[in-house]
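Engineer:
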Amino acid sequence: MPESKVLQNTPLHALHLRLGARMVPFAGYDMPVHYRDGILKEHLHTRAAAGLFDVSHMGQALLSGRHALMRLEALVPGDLQRLKPGQMRYTQLLNAEAGILDDLMVTRLSSADEPEDRMFLVVNAANKAADFAHITAQLPELDLLVMRDRALLALQGPAAAEVMAALFPASATMPFLSMRRETLDGAPVYFSRCGYTGEDGFEISLVSDAAAGFAEALLAHPKVAAIGLGARDSLRLEAGLCLHGHDITPQTTPLEAHLGWSISRRRMEGGGFPGDAVLQAQHAQGPRRLRVGIRPEGRAPVREGAIIADGAGREIGIVTSGGFSPSLNAPIAMGYVASAHAAAGTAIQLALRGQMVPAQVVGLPFVPTRYFRSPS
Amino acid sequence: MSTVYFTKDHEYISVDGDIGTIGITDHAQQALGDVVFVELPKAGATLARGKEAAVVESVKAASDVYAAASGEVVAVNTALEGAPGMINEDAQGRGWFFKVKLADKAELANLMDAAAYEAFLKTLD
């Protein structure tokens, strides 16, 4: 088969092969979809102990300049000016219709007494070139430094804190959505308490040369297993988290996507971001459609693209992510439905191979999240 | 004594007299990964060679299973519905999908034997 595009490798590529990974092309990279244990076992291991994920394909960048926090607010609805040093936030790059160009994590690095703001950005692999071009074009007065020579690892699961504390004791008390800068062999390492599984965990940004050694040090812990992108997808679906290009796109807004929690009252009322009028109108009147959780009856997974109908068979929406939940041992899905059908408990139907499968709208997440809460 | 034949879509058919037992090959189950769901044909249904006969789904994706030969479905492995993981454990044994009464044994001449299938797998990557 002709493969016109050459796939890129992450700094852990050789380690993946050594661990028996099945490699697939993803966002231009040759990535592990699962290792020898397979997706089901890897998924359940992450929920029970700790999983190590290579997410080095994601985009990492430093954005700095005078009033950079305020200036980046011109592109996103997130409240960046209220970020404290070392605090991170989930937000979205929007287009003029409030459609989501990408979602991203923004961490404030600079302290209050620095003359310039500095931020660390993590964006989706598939969008990174477009995101960075967009930020550079829209905010030419800021400095965007794309960190190409860095790996990104994620350690996720109930044992993640214990494993990480053995290497970096200070990580134990880190609040959820905070970052710490540490030094490993003289090079800066950024530890963030965050993730994409619904579990407690960390993301670790470090120079490429140090990544394989660090990954192997984590894997040496008996509670840690390498986990592929397959389980990463089923874990985030159980946690009710959106995947850009599927559950959120340039055609869906943050309010339709049920991401209103990521927009503060100051930003919603004050606007000053692309599509602000669209979001304010949706905020006042309610969006016409909403992202919801879906539990199909029976065992058949219902996949992305399946039509959603009401009890009478009228089309009311579409499935944007669907699959099998290893934790619930049942199919789960997310999708958009007309707002009148979005209440939990609403009976709906899903088109599957020429038949209609009965299903129910449910609240998200499907599996309770277990993010770290600092003892206060 | 049964003879096993294979398709390029990685189904097998194990033929004993005029009954063929159809499932997916060990290679197919490995490529699919953990199977979480199967949809089987109904007993009594008439299947045409090469047409969709069943669906097998892993965590990641759904795949069609085609009828390796034409005939009437005389048995289905309903045990798979509650334990689809059997397909991963023993694809060419306990993980069989359904049995057909062969309508035309001459169709089997179009299929590969074990040696030819093994050679075919080597051409795949």
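Protein chains in written order, with our numbering: chain A, -12 to 363; chain B, 471 to 595.
Note that CB positions come from ideal geometry on N, CA and C, so glycine has one too.
Quantities reported herein were computed from a predicted structural model and do not represent experimental measurements.
(1) Would you check if there are 3 or more beta carbon pairs closer than 8 Å linking the stretch 175 to 187 of chain A to the stretch 268 to 281 of chain A?
(2) Suppose contacts are defined by Cβ-Cβ distances below 8 Å. Is G310/A in contact with P345/A by that definition?
(3) Measuring only between beta-carbons, confirm whether E542/B sits less than 8 Å from chain A.
(4) As an exercise, report each continuous beta strand (DSSP E) stretch of at least 3 residues that is fully enclosed by the stretch 60 to 91 of chain A, in chain order.
(5) Against chain A, which members of the stretch 489 to 506 of chain B pass a CB distance test of less than 8 Å?
(6) Does D130/A come out as helix, strand or coil in the three-state DSSP assignment?
(7) Taking the alpha carbon of A380/A as the point to measure from, which residue in A153/A, G232/A, A226/A and I214/A has its own alpha carbon closest?
(8) Could you list the residues in the stretch 337 to 355 of chain A with a C-beta less than 8 Å from some C-beta on chain B, going in chain order?
(9) For K512/B and chain A, any beta-carbon pair shorter than 8 Å?
(10) Look at the alpha carbon of L171/A and the alpha carbon of H480/B, and state the distance between them as a whole number of angstroms.
(11) With 16 as the cutoff for other CB atoms within 10 Å, does D486/B come out buried or exposed?
(12) Check the DSSP bridge columns for T240/A and list the partner residues they point to.
(13) For chain B, check one thing: does any of its Cβ atoms lie closer than 8 Å to the Cβ of H32/A?
(14) Quick one: what's E527/B bridged to in DSSP?
(15) Under a Cβ-count criterion, where at least 16 other Cβ atoms within 10 Å of its own Cβ denotes burial, should D90/A be classed as buried or exposed?
(16) My assumption, with CB atoms under 8 Å, is that I483/B sits in contact with A538/B. Please give the rounded CB distance.
(17) Are the beta-carbon atoms of I235/A and A226/A separated by less than 8 Å?
(18) Please name the residue in A545/B, A553/B and D496/B whose C-alpha comes closest to that of R286/A.
(19) Let me know if V(-7)/A comes out buried or exposed under the rule of 16 or more other beta-carbons within 10 Å of its beta-carbon.
(20) Are the C-beta of P(-11)/A and some C-beta of chain B separated by less than 8 Å?
(21) Going along chain A, which residues have a C-beta under 8 Å from A549/B?
(22) Chain A partners of E575/B, CB-CB under 7 Å?
(23) Alpha carbon to alpha carbon, what distance is there between A498/B and P(-11)/A?
(24) Cβ of A532/B less than 8 Å from any chain A Cβ?
(25) Drop a sphere of 10 angstroms on the beta-carbon of E509/B, count the other beta-carbons inside from all chains shown, and report buried for 16 or more, exposed for fewer.
(26) For a minimum of 3 consecutive residues, which ranges assigned as the beta strand (DSSP E) are wholly contained in the stretch 552 to 578 of chain B?
(27) Please report whether the beta-carbon of I26/A lies at a distance below 8 Å from any beta-carbon of chain B.
(28) Grab the span of the beta strand (DSSP E) containing V289/A for me, first residue to last.
Structural biologist: In terms of the structure at hand:
(1) no
(2) Here residue 310/A corresponds to residue number 323 of the first sequence, with the count starting at 1. Here residue 345/A corresponds to residue number 358 of the first sequence, with the count starting at 1. No, these two residues do not count as a Cβ contact at 8 Å.
(3) Taking the first residue of the second sequence as position 1, residue 542/B is located at position 72. It does not: the Cβ of E542/B has no partner Cβ on chain A nearer than 8 Å.
(4) 75 to 81
(5) G503, D504 and V506
(6) Here residue 130/A is taken as the residue at index 143 of the first sequence, counted from 1. In the structure shown, D130/A sits in a strand (DSSP, three-state: E or B).
(7) Residue coverage of chain A in this structure runs from -12 to 363, which leaves residue 380/A outside it and unanswerable.
(8) R340
(9) By one-based count along the second sequence, residue 512/B stands at place 42. It does not: the Cβ of K512/B has no partner Cβ on chain A nearer than 8 Å.
(10) The residue labelled residue 171/A in the question sits at position 184 within the first sequence. The residue labelled residue 480/B in the question sits at position 10 within the second sequence. Those two C-alpha atoms are separated by around 49 Å.
(11) For the purposes of this step, residue 486/B is identified with residue 16 of the second sequence, where counting begins at 1. Result: exposed.
(12) Position 253 of the first sequence, counted from the first residue, corresponds to residue 240/A. T240/A is not bridged to any residue.
(13) Residue 32/A sits at position 45 when you count from the first residue of the first sequence. Taking Cβ atoms only, chain B never reaches closer than 8 Å to H32/A, which makes this a no.
(14) Sequence index remark: in the second sequence, residue 527/B carries index 57 (1-based). In DSSP, E527/B forms a bridge with F507/B and A532/B.
(15) One-based indexing of the first sequence puts residue 90/A at position 103. When all chains shown are included, D90/A counts as buried.
(16) Taking the second sequence and counting its residues from 1, one reaches residue 483/B at position 13. Taking the second sequence and counting its residues from 1, one reaches residue 538/B at position 68. Indeed, because the Cβ distance is near 4 Å, the residues count as touching under 8 Å.
(17) Position 248 of the first sequence, counted from the start, is the residue given in the question as residue 235/A. Position 239 of the first sequence, counted from the start, is the residue given in the question as residue 226/A. Going by C-beta atoms, I235/A is not nearer than 8 Å to A226/A.
(18) The sequence position of residue 286/A within the first sequence is 299, counting from 1. Of A545/B, A553/B and D496/B, the residue nearest in Cα terms is A553/B.
(19) The residue labelled residue -7/A in the question sits at position 6 within the first sequence. Label assigned to V(-7)/A: exposed.
(20) Within the first sequence, numbered from 1, the residue matching residue -11/A stands at position 2. Its pLDDT being 44, under 50, P(-11)/A is placed unreliably by the model, and nothing is read from it.
(21) Sequence index remark: in the second sequence, residue 549/B carries index 79 (1-based). Here the premise fails: no neighbours, minimum Cβ distance about 14 Å.
(22) Position 105 of the second sequence, counted from the first residue, corresponds to residue 575/B. Note that residue 575/B corresponds to Lys in the displayed sequence, not to Glu. Chain A residues near K575/B: none, gap ~30 Å exceeds 7 Å.
(23) Along the first sequence, read from residue 1 onward, the residue named residue -11/A stands at position 2. Along the second sequence, read from residue 1 onward, the residue named residue 498/B stands at position 28. Because the pLDDT of P(-11)/A is 44, which lies under 50, any placement of that residue in the model is unreliable, and the number read from its coordinates should be weighed accordingly. Distance between the alpha carbons of P(-11)/A and A498/B: 23 Å.
(24) The sequence position of residue 532/B within the second sequence is 62, counting from 1. Closer than 8 Å: yes.
(25) To locate residue 509/B, count along the second sequence from 1; it is residue 39. Classification of E509/B: buried, given that the 10 Å Cβ count is 16 or more.
(26) 568 to 572
(27) Taking the first sequence and counting its residues from 1, one reaches residue 26/A at position 39. Interface residue, yes.
(28) Within the first sequence, residue 289/A is the residue found at index 302, counting from 1. Careful: V289/A lies outside any beta strand (DSSP E) and carries neither H nor E.
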